[in-house]
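A.B. asks: Structure provided below as structure tokens; questions to follow.
Following this line, the structure appears as structure tokens:
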């Protein structure tokens, strides 16, 4: 009986120690693995909003590619059912872009509020809310894949409208939505 209690106590100690080791980061794993998409959205948000200068992060229709200062690249798969697109509404200044650089693209209208309205071709409203652009001037969105959308962005009575889609060959960076008086 005593041997059984000691074995059970030993197993509990091992489980508790292993849990504590993993909890405090003993596995040295701060970011998701290339095949782990569960945390990739959070990783994208962190790169997009932090302005990190010691690495570069690009996002295609299927992958997040991060390159560190030693030129080592890590690729993360994006969710199979969601498409990332980043939109930089502008008034005067923009830049041509297709593949969004989370750490390099800079939009004109930083940290400003916009009314964002997105509906698909069936008329289903996907987004209808006020959103704030980040310090890089972009509004990041995750939309259902393989669909077409009508997008309207409005600020202080001026609007930008565009059609976009979320297929494999589509852009992740939209820098063509100029806010104008009448549309």
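In this note's numbering, the protein residues as written are -1 to 181.
In this text, a Cβ means the ideal position worked out from N, Cα and C, and glycines have one as well.
Fair warning: this is a prediction, and the values are worked out from it, not measured in the lab.
(1) On the three-state DSSP scale, how would you describe residue 48?
(2) Out of 131, 170, 148, which one is the CA nearest neighbour of residue 200?
(3) Can you grab the Cα-Cα spacing for the pair residue 58 / residue 174, in whole Å?
(4) What's the C-alpha gap between residue 91 and residue 68?
(5) Measure how close the beta-carbons of residue 144 and residue 165 come, nearest whole angstrom, since I'm counting them as under 8 Å.
(6) Mind checking whether residue 72 and residue 116 have CB atoms under 9 Å apart?
(7) Where do the N-terminal and C-terminal ends of the beta strand (DSSP E) with residue 96 fall, by residue?
(8) Using the Cα positions of residue 66 and residue 141, report the straight-line distance between them to the nearest angstrom.
(9) Spatial neighbours of residue 53 within its chain, please: C-beta separation below 7 Å, excluding the five flanking residues on both sides.
(10) Residues in the same chain with beta-carbon distance under 6 Å from residue 98, minus the five sequence neighbours each way, listed in chain order, please.
(11) Tell me whether residue 186 is buried or exposed, calling it buried when 16 or more other Cβ atoms sit within 10 Å of its Cβ.
(12) Are the CB atoms of residue 114 and residue 177 nearer to each other than 9 Å?
(13) Measure the C-alpha to C-alpha separation of residue 163 and residue 146 and round it to an integer number of angstroms.
C.D. replies: Put simply:
(1) In this structure, DSSP gives residue 48 a helical state, which the three-state scheme calls helix.
(2) In the structure as shown, the chain begins at -1 and stops at 181. Residue 200 is therefore absent and cannot be evaluated.
(3) In a straight line, the C-alpha of residue 58 is about 18 Å away from that of residue 174.
(4) Cα to Cα, residue 91 sits roughly 33 Å from residue 68.
(5) Contact between residue 144 and residue 165 holds: their C-beta atoms lie close to 6 Å from each other, under 8 Å.
(6) No Cβ-Cβ contact shorter than 9 Å links residue 72 with residue 116.
(7) For residue 96, no beta strand (DSSP E) encloses it, and the DSSP letter there is neither H nor E.
(8) Roughly 28 Å between the two C-alpha positions.
(9) Shown here for residue 53: same chain residues with a beta carbon closer than 7 Å to its own, the five before and five after excluded, namely 64, 65, 66, 67, 101 in chain order.
(10) Excluding the 5 residues flanking it on each side, residue 98 has same chain C-beta neighbours closer than 6 Å at 57, 84, 170, 171, in chain order.
(11) The first residue shown for the chain is -1 and the last is 181, placing residue 186 beyond what the model contains.
(12) The Cβ atoms of residue 114 and residue 177 lie no closer than 9 Å to each other.
(13) Going by the C-alpha atoms only, they are around 4 Å apart.
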